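Going down the list, the protein sequences come from chains Z, P and U.
Per my numbering, the first sequence starts with residue -10, numbered consecutively.
Per my numbering, the second sequence starts with residue 2, numbered consecutively.
Per my numbering, the third sequence starts with residue 131, numbered consecutively.
Structure first, then comments.
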Amino acid sequence: MTHTATVPAAPGARPARTSSPSSLRSGRRHSVEKPRRNVVLTVLTGIVLVYSLVPLLWLVINASKTQANLFDSFGLWFAGDFALFDNIAQTLTYDDGIFGRWLANTVLYVVLGAGGATFLAILGGYALAKFDFPGKRGVFAVVIGAVAVPGTALAVPTFLMFSQMGLTNTPWAVIIPSLISPFGLYLMWTFAAEAVPTEMLEAARVDGASEFRTFFQISMPLLAPGIVTVLLFTMVATWNNYFLPLIMLKDPSWYPLTLGLNAWNAQASTAGGEAIFNLVITGSLLTILPLIAAFLLLQRYWQSGLAAGSVKE
Amino acid sequence: MFTTTHRTRSRATATVAAIGALALTLTACGGGSDDDASPADAQSALEEGGTLTVWAWDPTLTDVAADFEAENPGVTIELVNAGTGNDQYTALQNAIAAGSGAPDLAQVEFYALPQFSLSESLADLTPYGADELADTFTPGPWGAVAQGEGIYALPTDSGPMALFYNKRVFDEHGIEVPTTWDEYIEAGRELQEADPGAYITNDTGDAGFTTSLIWQAGGQPYQVDGTNVTIDFSDEGSQTFADTWQTMIDDELVAPVSSWSDEWYQGLSDGSIATLVIGAWMRGNLESSVPGAAGDWAVAPMPQWEEGATATAENGGSSLAIPEASENKDLAWAFLEYATVGDGVQTRIEGGAFPATTADLEGAEFRDVEFEYFGGQAVNEVLADSAANVVEGWAYLPFQVYANSIFNDTVGQAYVGGTTLTDGLQSWQDASVAYGSDQGFTVTE
Amino acid sequence: MTTLSPPVAAAHGVPDPAPHRHRRRRWIGWGFIGPFMAVFALVFLAPIAYSIYLSLFRNQIVGGNAFVGFDNYSRALSDPQFWSALSRVSLFLVVQVPIMLCLALLVALAIDSGRLHGKNFFRISIFLPYAVPAVVATLMWGFMYGTRFGLVGNINDWLGTSIPNPLSPDWVLLSIGNIVTWEFVGYNMLIFYSALRTIPTSLYEAAEIDGAGQLRIVRAIKLPAIRGALVIATIFSIIGSFQLFNEPSILQSLAPNAISTYFTPNLYAYSLSFSGQQYNYSATVAIIMGLITMVIAYVVQLRGMRKES
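What follows is the structure, encoded as structure tokens:
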């Protein structure tokens, strides 16, 4: 494979091999004692980092260009007037400020969709890890089996069903399908099996606490790091949800950001339409920012959560 | 309000039949069933008021809707951009299949109309008097909306083709503006010699462009009579196109850049894509989306297959149709008429649309506008002349949306060296025939 | 299908906590998983059941709807376009998934080792591409891949190289693989990383007392401990590969001749359904793909778990 596309992959494959012999010497564990920082390892992982960030750099650079500059300047460097703030202002006000509406919709879908998905995954994963119940063996097999059927072909049947129920073109058509996160279920299953000591549950049962009370008061706090991980995944998935809203929603005032940006992008390819790539790019940048913020915020809980989790040992 | 000539007829009939019609519409809850629909119903529906949902991506309709609401206080127009082209057709198809959620009016491109009219998804507008509008529109668009006995939509904009060329680039290299396709190839070669990075045009295989050029060359690969369909790309027009364009591909005169990509806009902006033979609506797109090349572009008549000829074809163009599922057809017709033959036309022209109405295209007010973007050229003159010279007799398949979707699987392979255009057209034909037969059409080759 | 047990738990020998619960509690588990399964039945099982029903009919534009039994299935099995799509994603699976998962695992191990300068920065940056919406990813990669005005074009101009057009028919699958890898390395890295973080520190301490080096700790403790995560990430990657859709569908507008309407099975099902209105045949293709994917996922799971014990 000589293609450029895979070039970053090859050097990226080296870090562990190089790192391991050098780390033989230190022989200390990070959580016990701070291990020595390794420059070679950092540089090699850095290649993967560059691979991840260069396309994003393009986004940032081009968000600072005007529509005209976009077409007549080199993509990976700044050119013309620095129009970032102008673009942001335009993005937020274009078409009566519909971007704000899309943002609000997305937040709604994320709060209810990702929040709900995480909650259902916690309950389900906990059940799989801590209870024996009829049909338990079949549950995950059914889930994996159903997930294996390509979603695009299910879109039309789902649409027709939802239409019968009067759900199409309403937020529910986006939120309800978002409530299912098979991967979240799996993560919570493994995490609950690890993080919640069975003896603790036994003790609670002996004290006569109900299963649900035990779950909310004892198990939930222990599950925090897993919850944060699942929440992160479901949030990103809901935030970037595209295909399903495309089928389900026709009213732009219910669009999430992804559909809205796509509509703006498609505007460039219609007769009489105005290409607004600069707004699409700036809008995209603005779309990613809340996710980064959420990640940074959740990361803190995640780490403290992990520390709490390790107390059990 | 009803000041246009097109409206007068409606009003005259309206007074006569108003009372009876009112009773009818009331019992039908404002929904006109096709057979007893009439212009009078539309009039009473207007007075009654109501809400219309319109699915369209055409930006110029926004002002039209606002004006219409202002003139008819009881009427609310919910203009929804339900996706562009195929996305919207899918949504429309889904809504029709689901039996709910279909709009009262939908924008449908000409090439997609037969698909919807054949499945009786669109209301026949003849009862409203649409059949009398034949001379109001130019022949190309009218041919598209009139299917068999019925009229299933009214044209909103049209795409008579012309040669958009970058005059700066042509002048710089001293290249003559081509008037025939042979000269076009020649110009392409000269340009490439003068500047190896520049191309006369771009093309990565576009069903709309290919069918339009075959159309201009007099080809009639599709013949449609109800559910009897003939598909034959071996006729002279198709072959003329295939031979010429094969040379363009073989000599690498076309830039392998897909239309509408940002790379494409870049090429239009910096002159490395020097011409486009495309629908008249491109005038508005260049102005709004390629501001960097203001003053560079000019418009000339479409290159000809025979020297001295004036044949042209339509490329793109849209209409507004009333889905059969609409529950407020009378009111929908009132808006449709306003937008396509009434005051709405002028509003849309001002918004940059290229009309399909003969009166506007022939009027000095429209033709004499000088466009700063095009260096002061009165480009509408060239474009409007093209509208009058569209070759007659063209038909699209009743499953053209699908056929176009597999164009790049078949003909497109000729652009990446997999086959020739002639063979590609043959496999396109085969695949279309197979699909048509599978869908129950009687297909002959 | 046998059950997938929580692999991490199994790896540590943590006993399944409730195999012999009191009869009273037998159904309480459904109280917890019930909500998930109810919604799941609505948004997954019902449409699948509907699709199976659809797959037994044929609806024509002219002629209407008719029951055709298994005709659609026999048609699919002898449909060269379906098989070409399937073999393309299989190739993709065999090449891209191992590269992506290895990369993700190595980065996860590197970050977990604590030997990186600024590991938090690494973690978030490498995860970031997953947060980029598909529309945007297309715009970005469309630019990067452009040979005329794009980055590849610029590199060729500057360095005099002749990198082939990434969007040409011969290279496009690789280019898509690159985008998918770019998008999901961080995602998988985070899964591996969080699995690594659940390994009890006491295990490392014990290993260190035994004088084990880092390489041995990775091999003897870390990898076995996260085998469950590895297996499940592999299964989900297999499903993802077989359902490849977003990237080719979006790149199609830039490379229409390189990405056919039957480039992947999912794209094929999509165009059948959305451009061709062949809902019945589309449903059939989806059901067959689902069955194939399930079988492969099952085999991977069996193999993955067997090695473990």
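Even glycine gets a Cβ: it sits at the ideal position worked out from N, Cα and C.
In this text, all values refer to a predicted model and were calculated from it rather than measured experimentally.
At the 8 Å Cβ level, is Y260 of chain U part of the contact set with chain Z, yes or no? Position 130 of the third sequence holds residue 260 of chain U. Cβ-Cβ to chain Z under 8 Å: yes for Y260 of chain U.
Is the shortest distance between the beta-carbon of P257 of chain P and the beta-carbons of chain Z less than 8 Å? In the second sequence, counting from the first residue as 1, residue 257 of chain P sits at position 256. For P257 of chain P, the answer is no, since every Cβ of chain Z falls outside 8 Å of its Cβ.
Neighbour list for T394 of chain U in chain P, Cβ cutoff strictly below 9 Å: Numbered from its first residue, the third sequence carries residue 394 of chain U at position 264. For T394 of chain U, none of the residues of chain P pass the 9 Å Cβ criterion, the least Cβ distance being about 14 Å.
Quick one: Cα of A57 of chain Z to Cα of L287 of chain P, how far? Here residue 57 of chain Z is taken as the residue at index 68 of the first sequence, counted from 1. Here residue 287 of chain P is taken as the residue at index 286 of the second sequence, counted from 1. Taking the straight line joining both Cα atoms gives about 12 Å.
Which of helix, strand or coil DSSP assigns to G64 of chain Z: Translated into the one-based positions of the first sequence, residue 64 of chain Z becomes position 75. Residue state, collapsed to three classes: coil.
Look at S159 of chain P and T139 of chain P and say whether their C-beta atoms are less than 8 Å apart. Position 158 of the second sequence, counted from the start, is the residue given in the question as residue 159 of chain P. Position 138 of the second sequence, counted from the start, is the residue given in the question as residue 139 of chain P. Closer than 8 Å, so yes.
Using a C-beta to C-beta distance shorter than 7 Å, which residues of chain P count as neighbours of V43 of chain Z? As a working note, residue 43 of chain Z is residue 54 in the first sequence. By Cβ distance, chain P contributes nothing, its closest Cβ being about 18 Å from V43 of chain Z, past 7 Å.
Report the rounded CA-to-CA distance for N396 of chain U versus D431 of chain P, giving the unit in angstroms. Here residue 396 of chain U refers to the residue found at position 266 when the third sequence is read from its first residue. Here residue 431 of chain P refers to the residue found at position 430 when the second sequence is read from its first residue. Approximately 24 Å, taken between the alpha carbons.
Mind checking if T311 of chain P is an interface residue toward chain Z, Cβ cutoff 8 Å exclusive? Stepping through the second sequence from its first residue, residue 311 of chain P is reached at position 310. With 8 Å as the cut-off, T311 of chain P does not count as an interface residue toward chain Z.
Which residue spans inside the stretch 64 to 144 of chain Z form an unbroken alpha helix (DSSP H) run of at least 4? 73 to 98, 104 to 119, 125 to 136
Where Y166 of chain P sits in the DSSP three-state scheme: As a first step, residue 166 of chain P is located in the second sequence; it is residue number 165 there, counting from the start. Reduced to three states, the DSSP call for Y166 of chain P is strand.
Bridge partners - G280 of chain P, DSSP secondary structure assignment: What you label residue 280 of chain P is simply residue 279 of the second sequence in a count that begins at 1. Bridge partners of G280 of chain P: P:M162.
Chain P within 8 Å of G276 of chain U, Cβ atoms only: Counting from 1 along the third sequence, the entry for residue 276 of chain U is found at position 146. Answer yes: the Cβ-Cβ gap between G276 of chain U and chain P drops below 8 Å somewhere.
Under 8 Å Cβ-Cβ, which residues of chain U neighbour G296 of chain P? As a first step, residue 296 of chain P must be located in the second sequence, where it is residue number 295. The premise fails here: G296 of chain P is roughly 21 Å from chain U at the closest Cβ pair, so nothing lies under 8 Å.
Anything in chain U within Cβ reach of R25 of chain Z, meaning under 7 Å, just list it in chain order. Here residue 25 of chain Z refers to the residue found at position 36 of the first sequence. R245, listed in chain order.
Please list the residues of the stretch 63 to 84 of chain P that have a C-beta atom closer than 7 Å to any C-beta atom in chain Z, keeping them in chain order. Near chain Z, meaning a CB-to-CB distance below 7 Å, the residues of the stretch 63 to 84 of chain P are V81, N82, A83.
Length of the line joining the Cα atoms of L221 of chain Z and V310 of chain U: Translated into the one-based positions of the first sequence, residue 221 of chain Z becomes position 232. Translated into the one-based positions of the third sequence, residue 310 of chain U becomes position 180. Each residue's Cα considered, the two are about 19 Å apart.
Let me know the secondary structure DSSP gives D226 of chain P once reduced to three states. Your numbering for residue 226 of chain P matches position 225 in the second sequence. Reduced to three states, the DSSP call for D226 of chain P is strand.
Identify the contact partners of I36 of chain Z in chain U, using a Cβ-Cβ distance below 8 Å as the criterion. Reading the first sequence from its first residue, position 47 is the one you call residue 36 of chain Z. Simply none; closest approach about 10 Å.
What residue ranges within the stretch 130 to 211 of chain P form continuous beta strand (DSSP E) runs of no fewer than 3 residues, ordered along the chain? Whole beta strand (DSSP E) segments, 3+ residues: 155 to 167.
Segments of 3+ residues assigned as beta strand (DSSP E) that fall wholly inside the stretch 151 to 238 of chain U: 187 to 190, 194 to 197
Answer yes or no: does any C-beta atom of chain Z fall closer than 8 Å to that of N381 of chain P? Translated into positions along the second sequence, residue 381 of chain P becomes position 380. Interface annotation, N381 of chain P: not in contact with chain Z, CB-CB separation never under 8 Å.
Run down chain U in chain order and give the residues with a C-beta less than 7 Å from the C-beta of F442 of chain P. Along the second sequence, read from residue 1 onward, the residue named residue 442 of chain P stands at position 441. Those within 7 Å of F442 of chain P in chain U are V192.
Chain P contact residues for F290 of chain U, given Cβ-Cβ distances below 8 Å: Here residue 290 of chain U refers to the residue found at position 160 of the third sequence. The sequence as given places Gly at residue 290 of chain U; Phe does not occur at that position. By Cβ distance, chain P contributes nothing, its closest Cβ being about 15 Å from G290 of chain U, past 8 Å.
In this structure, how does DSSP classify E237 of chain P when only helix, strand and coil are distinguished? As a working note, residue 237 of chain P is residue 236 in the second sequence. Helix, per DSSP.
Compare the beta carbon distance of P378 of chain U and I306 of chain U with 8 Å and say whether it is the shorter of the two. Locating residue 378 of chain U in the third sequence gives position 248, counting from the first residue. Locating residue 306 of chain U in the third sequence gives position 176, counting from the first residue. Yes, Cβ-Cβ distance for P378 of chain U and I306 of chain U is below 8 Å.
Within the 8 Å Cβ cut-off, does G262 of chain Z reach chain P? Taking the first sequence and counting its residues from 1, one reaches residue 262 of chain Z at position 273. Chain P, which has a Cβ nearer than 8 Å to the Cβ of G262 of chain Z, makes this yes.
Residue range of the alpha helix (DSSP H) that includes A340 of chain P: As a working note, residue 340 of chain P is residue 339 in the second sequence. Here the alpha helix (DSSP H) through A340 of chain P covers 330 to 341.
So with Cβ pairs under 8 Å, would you call A206 of chain U a contact of chain P? Within the third sequence, numbered from 1, the residue matching residue 206 of chain U stands at position 76. So no, A206 of chain U is outside the interface.
Who are the near neighbours of A2 of chain Z in its chain, counting only those whose CB is closer than 7 Å to its CB and skipping five residues on each side? For the purposes of this step, residue 2 of chain Z is taken as the residue at position 13 of the first sequence. Caution is warranted here: a pLDDT of 30 is assigned to A2 of chain Z, below 50, making its placement in the model unreliable, and no coordinate value can be reported.
Using a 10 Å radius around the Cβ and a threshold of 16 neighbouring Cβ atoms, would you call S54 of chain P buried or exposed? Here residue 54 of chain P is taken as the residue at index 53 of the second sequence, counted from 1. According to the sequence provided, residue 54 of chain P is Thr. The question's Ser does not apply to it. When all chains shown are included, T54 of chain P counts as buried.
List the endpoints of the continuous alpha helix (DSSP H) containing V217 of chain Z. Walking along the first sequence from the start, residue 217 of chain Z turns up at place 228. That run of the alpha helix (DSSP H) goes 209 to 228.
4-residue-minimum alpha helix (DSSP H) runs that sit fully inside the stretch 351 to 430 of chain P, ordered along the chain: 359 to 363, 365 to 368, 380 to 389, 401 to 406, 408 to 411
Tell me the DSSP bridge mates of A38 of chain P? By 1-based counting over the second sequence, the position of residue 38 of chain P is 37. According to DSSP, which records beta bridges pairwise, A38 of chain P is partnered with nothing at all.
Under 7 Å from the C-beta of G175 of chain Z: neighbouring residues of chain U: The sequence position of residue 175 of chain Z within the first sequence is 186, counting from 1. According to the sequence displayed, residue 175 of chain Z carries Tyr and not Gly. Those within 7 Å of Y175 of chain Z in chain U are I362.
Quick one: what's got a C-beta closer than 8 Å to S15 of chain Z's C-beta in the same chain, skipping five residues either side? Sequence index remark: in the first sequence, residue 15 of chain Z carries index 26 (1-based). In this predicted model, S15 of chain Z has a pLDDT of only 38, less than 50, meaning its place in the structure is not dependable enough to derive any value.
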